[in-house]
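Residue numbers (the numbering used here), protein chains in the order written: chain A, 14 to 126; chain B, 34 to 145.
Cβ coordinates follow ideal geometry from the N, Cα and C atoms, glycine included.
Contents: one structure, followed by commentary.
Structure follows, in C-alpha cells:
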C-alpha cells in the first residue's frame, strides 16, 4: 500500500534561518506531488506541485522553493525564513488522472520566531 | 475561475442526529468533487468523491454526499452523527484542467 511520510512534525525556527522540509512517498511510482500551506487551521493554499523529477510549478510567489531530486521525494526549502512563513505545511500526492483524490502527509507545524 | 464555498464555518449537531455540511461550487465544465476530513494537527483524509454516474456517492465512516448539478452543490451527509465525527471538513473541486480548489472548511461539532 502507498504511504506518505513528512517530517519533522513540529519546527521552531528563528527569522532569517534556512528551512528544509522533506516528504517521501512509498508504494507508488511517478506520483504527482504537492506542497500546501494551511494558515490558522482553515483554508489550503497550494504552494508548489510536481509531475516528475526536476519539474516544479510554483503557484504563488513565495519566500520558499521546492525541489524533487527523486521520483518519490519532495523538498520544501527557504534560504531565509520570515515571520509570515509560519503555518501548517502539508505534503500530498495523488496518482496522475483527474479522478484521483489526494493523500496528505501528517503535516509540519512551523513557527518562525 | 473556479471556486468552492462552504457557507457555514461551524455546524453543531447532537449525537445520533443527521448531519449536513454544505458545499457549493462554480466551475467551467464538468467538476470532479471531493470531501476531506481533518483532525487536529493532522493532514487531511480523503472521504469520498464524485466523478460521474450516480448523484449519491458513499464514502468512508458512513458519510455520503449528493451531487446536484442544477444547484451546483455537493453537500456532505451522515444519517446518524457520532462524537468522533467532530473535525474540520473540506470540500474541493477539480476540473479537467487539473487545478484543485479547496473550500475554507467547516468545523463540525457533535455533542453527546
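Query: When the cut-off is 7 Å and only beta carbons count, does residue 87 (chain B) lie next to chain A?; Result: no
Query: Round the Cβ separation of residue 72 (chain B) and residue 114 (chain B) to the nearest angstrom and send it over; I've been treating them as touching at under 8 Å.; Result: The Cβ separation is near 16 Å, so there is no contact.
Query: Which residues, in order along the region 45 to 71 of chain B, keep a beta-carbon less than 8 Å from a beta-carbon of chain A?; Result: 65, 67, 69
Query: Rounded to whole angstroms, what's the CA-CA distance from residue 70 (chain A) to residue 61 (chain A)? Just pull it up for me.; Result: 6 Å
Query: Curious, which full-length beta strand (DSSP E) runs of at least 3 residues does the region 64 to 112 of chain A contain?; Result: 68 to 71, 78 to 83, 86 to 91, 100 to 107
Query: Anything in chain A within Cβ reach of residue 129 (chain B), meaning under 9 Å, just list it in chain order.; Result: 111
Query: Ordered along the chain, which non-local residues of its own chain (more than five positions away) have a Cβ less than 8 Å from that of residue 52 (chain A)?; Result: 58, 100, 101
Query: So does the region 74 to 91 of chain B actually touch the region 50 to 60 of chain B, counting three or more Cβ pairs closer than 8 Å?; Result: no
Query: For the region 134 to 142 of chain B against the region 78 to 97 of chain B, are there 3 or more C-beta pairs whose distance is under 8 Å?; Result: no
Query: Just to confirm the assignment: which complete beta strand (DSSP E) runs, minimum length 3, are found wholly within the region 51 to 105 of chain B?; Result: 52 to 54, 57 to 59, 65 to 71, 77 to 83, 89 to 91, 97 to 101
Query: Report the partner residues of residue 35 (chain A) according to the DSSP bridge assignment.; Result: A:20, A:88
Query: Tell me whether the region 106 to 115 of chain A and the region 37 to 51 of chain A touch, counting them as touching only if at least three CB pairs, one residue from each stretch, are closer than 8 Å.; Result: yes
Query: Tell me the DSSP bridge mates of residue 120 (chain B)?; Result: B:141
Query: Pick out whichever of A:120, A:126, A:124, A:115 has its Cα sitting closest to the Cα of residue 46 (chain A).; Result: A:115
Query: My understanding is that residue 79 (chain A) touches residue 95 (chain A), with C-beta atoms under 8 Å, so please give their C-beta distance in whole angstroms.; Result: Their Cβ separation, rounded to whole angstroms, is 17 Å, which puts residue 79 (chain A) and residue 95 (chain A) out of contact at 8 Å.
Query: Starting from the beta carbon of residue 116 (chain A), find every residue of chain B whose beta carbon is closer than 8 Å, and list them in chain order.; Result: 79
Query: Using alpha carbons as the reference points, say which of B:105, B:110, B:117 lies closest to residue 37 (chain B).; Result: B:105
Query: Given that residue 137 (chain B) touches chain A, what residues does it touch there, using C-beta distances under 8 Å?; Result: 55, 56
Query: Starting from residue 123 (chain A), trace the beta strand (DSSP E) both ways and give me its first and last residue.; Result: 121 to 125
Query: With 16 other CB atoms within 10 Å as the buried threshold, where does residue 125 (chain B) fall?; Result: buried
Query: Going by DSSP, what residues sit across from residue 60 (chain A) in a beta bridge?; Result: Note: residue 60 (chain A) sits in no beta bridge, so no partner.
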